[in-house]
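Read in order, the letters of the sequence shown correspond to residues 398 to 648 in the working numbering.
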Amino acid sequence: MKSQKSKGKNNPLVIGVIPARYGSTRLPAKALAMIHGKPMIQHVYERCLKSKLLNEVLVATDDRRIYEAVMSFGGNVVMTSRKHKSGTDRIGEAVKEIKCDIVVNIQGDEPMISPANIDKAILPLLNSSVNVSTLCKKISSAGEITNPSVVKVVKDKNGMALYFSRCPVPFNRDKSENVIYYKHIGLYVYTKEYLSKLVQLKPSKLELAEKLEQLRILESGENIKVIETNIDSHSVDTPADLRKVRKLIRK
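Structure representation (C-alpha cells):
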C-alpha cells in the first residue's frame, strides 16, 4: 500500500504519525477492534492516506500485535518504548531520527477521521510562523457543553487558544444566547523542532488538574493556533462508541 507522496523541492516534509498502544482501560486492544473486516488502525491509516498534505503516514506502537497488523495491510510502522505516558512522547521517539519538518499527531481511535480536517490543521504551519495547531468545532448540543468528556476550547480574536477545559467555558453567567462554545478536536500539528522541545517538558499543574496534555503547551508560554472546522470527529473510547462507529461507517 502506497504511503509515501512526492513533495516539491522547497516544500516542507510533513509526516503523519498515529500513536497506537495495546492497553486501554475502557476498551482493551481497541486499535485492533474489527470494523467491517478491518482493524480500526487500518481504517485510520487509510483515511490518512487520502490527505493531500501528508507526505508520509506512520504508525508508532508499543505492541507486536499492532505492529504485525499494520505490516499485514502494507502500512508503515515502528516499534516504540512501552514506558511512554502519552501519545506525544511516543511520536517524539518515532520521528527522532526521521528527516521531516512538520509532524501531525493523529489519534489512532478515530476510524472516520476526515482527511480534509488533517489538511486544514496543517495549513497554518505552512503559511505562518506558528509551531502548533489544532482544530475546533462549534457545539450545538447542550449535552456536549456539560459533558466532561467533550473538551472545550476558548480562543482569542486571532484564533489562538486561551484555554482548554472539561468544564463549560466560558461560563454563561447571564444565560445569553450569544455565547458560542467550541469543541476541541484532538488532532495536533507541530514543527518537528518544537515537538523535540515539547517532549522534554514535565507535566504542568493545569494539565494534571484537567488531564489535558495540551495545557502543558499553553503553560509553557507557547501559542496554539485553533482552526475551526464544520466536520466533527468520532473517537472510540468505549464499546458503545465502537458500536456507534460501526453503524456510521456502514451507512
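The C-beta atom is built at its ideal place from N, Cα and C for all residues, glycine as well.
What does the alpha-carbon distance come out to for the pair residue i and residue j?
i: Ser632; j: Ser573; result: 30 Å
i: Ile628; j: Val441; result: 16 Å
i: His433; j: Met476; result: 26 Å
i: Ile415; j: Asp571; result: 42 Å
i: Ala341; j: Thr531; result: The question about residue 341 has no answer here: the residues shown for the chain are numbered 398 through 648.
i: Met431; j: Val642; result: 11 Å
i: Cys497; j: Met468; result: 22 Å
i: Lys399; j: Val576; result: Below a pLDDT of 50, predicted positions are generally treated as unreliable, and Lys399, at 44, falls in that range; the measurement from the model is reported next regardless. The alpha-carbon atoms of Lys399 and Val576 are separated by roughly 45 Å.
i: Lys599; j: Glu443; result: 33 Å
i: Arg563; j: Leu609; result: 9 Å
i: Arg613; j: Arg461; result: 30 Å
i: Gly664; j: Lys482; result: The displayed coordinates of the chain run from 398 to 648. Any statement about residue 664 would go beyond what the structure contains.
i: Arg418; j: Thr458; result: 5 Å
i: Arg479; j: Ser448; result: 29 Å
i: Ala565; j: Asn544; result: The question names Ala, but residue 565 in the sequence shown is Pro. Those two C-alpha atoms are separated by around 8 Å.
i: Lys535; j: Val548; result: 12 Å
i: Ser630; j: Tyr579; result: 13 Å
Would residue i and residue j qualify as a contact pair, given that the criterion is a beta-carbon distance under 9 Å?
i: Ser593; j: Gly489; result: yes
i: Tyr587; j: Leu520; result: no
i: Lys622; j: Val529; result: yes
i: Leu584; j: Ile515; result: yes
i: Glu453; j: Ile503; result: no
i: Ala426; j: Asp506; result: no
i: Phe568; j: Leu615; result: no
i: Asp634; j: Ser546; result: yes
i: Val384; j: Lys589; result: With the chain covering 398 to 648 only, the question about residue 384 has no answer from this structure.
From what residue to what residue does the alpha helix (DSSP H) around residue i run?
i: Ala637; result: 636 to 647
i: Ile614; result: 611 to 616
i: Lys602; result: 602 to 607
i: Leu595; result: 589 to 595
For the beta strand (DSSP E) that residue i lies in, which residues bound it at each end?
i: Glu443; result: Per DSSP, Glu443 belongs to no beta strand (DSSP E); it is in the alpha helix (DSSP H), 437 to 445.
i: Leu429; result: Run containing Leu429: none; DSSP gives neither H nor E here.
i: Lys622; result: 622 to 625
i: Val411; result: 411 to 417
i: Val454; result: 453 to 458
Thinking residue i and residue j are a contact (beta carbons under 8 Å), I'd like their distance in whole angstroms, please.
i: Leu424; j: Met509; result: That belief does not hold up - the Cβ atoms of Leu424 and Met509 are roughly 16 Å apart, past 8 Å.
Please give me, in chain order, every unbroken run of the alpha helix (DSSP H) with length at least 4 that falls completely inside the region 470 to 515.
Qualifying alpha helix (DSSP H) stretches, in chain order: 484 to 492.
Length at least 3, wholly inside the region 517 to 560: the beta strand (DSSP E) runs in chain order
DSSP runs (the beta strand (DSSP E)) wholly in the region 517 to 560: 529 to 535, 549 to 552.
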